[in-house]
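Visitor:
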Amino acid sequence: MLHNEGIYRTGDDLNTVRSTDGTIIAYDRQGEGPAVILVDGAMCTRSFGSKPELVKLLTPHLTVYSYDRRGRGDSGDTKPYAVDREVEDIEALGDDAGGIACLCGHSSGGVLALEAAIRLGGKVKNWTPYVRS
Numbered sequence: 011m012l013h014n015e016g017i018y019r020t021g022d023d024l025n026t027v028r029s030t031d032g033t034i035i036a037y038d039r040q041g042e043g044p045a046v047i048l049v050d051g052a053m054c055t056r057s058f059g060s061k062p063e064l065v066k067l068l069t070p071h072l073t074v075y076s077y078d079r080r081g082r083g084d085s086g087d088t089k090p091y092a093v094d095r096e097v098e099d100i101e102a103l104g105d106d107a108g109g110i111a112c113l114c115g116h117s118s119g120g121v122l123a124l125e126a127a128i129r130l131g132g133k134v135k136n137w138t139p140y141v142r143s
């Protein structure tokens with residue numbers, strides 16, 4: 011898969027799902043327990059920003075899905091940008107998690123997670139905004 015900076019990333023450690031429009035979404039899955047999908051802000055990736063710190067706190071209790079939003083990190087992208095596509099990405103991750111997941115969103119990811127919770131209904135168990143102080 012082509013990384014956005016032009017680096018090819020391969021290996022068993024890279025998990026991916028295919029979104030509705032065919033875009034590949036890269037993610038990490040860690041921990042055991044009910045599924046939670048972390049939806050980070052626009053300028054972050056699954057390995058940069060608040061996610062690594064939050065993942066450490068949650069993995070003793072939950073199965074944490076930390077992903078690169080489309081157009082970032084190891085995930086693919088399609089133009090033009092649309093919130094609908096990002097909601098479909100979250101749905102694909104939720105399906106991979108067994109069909110029902112909690113969403114935890116940070117910054118613009120909080121708004122995106124709320125939109126996904128509204129649109130996906132019963133596929134989202136609950137929604138929690140996360141603000142780092």
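Residues 11 to 143 in the working numbering are what the sequence shown lists, from first letter to last.
From the three backbone atoms N, C-alpha and C, an ideal C-beta is built for every residue, glycine too.
On a predicted model such as this, the values are computed, not experimentally measured, just so you know.
Let me check understanding here. Comparing Cα to Cα, which of T33, A52, R39 lies closest to S118?
Guide: If we check each option's Cα against that of S118, A52 comes out closest.
Visitor: Where does the unbroken beta strand (DSSP E) through D38 begin, and where does it stop?
Guide: Its beta strand (DSSP E) spans residues 34–40.
Visitor: Report the option in L130, V93, Y91 whose CA atom is closest to the CA atom of E101.
Guide: It is L130 whose Cα lies nearest to the Cα of E101.
Visitor: Apart from the five residues on each side of it in sequence, which residues of its chain come closer than 8 Å, Cβ to Cβ, to G59?
Guide: Cβ neighbours of G59 beyond the five flanking positions: D50, G51, M53, H116.
Visitor: Counting Cβ pairs closer than 8 Å, one from the region 78–88 and one from the region 102–113, do we hit at least three?
Guide: The answer is no - the region 102–113 does not touch the region 78–88, with fewer than three Cβ pairs under 8 Å.
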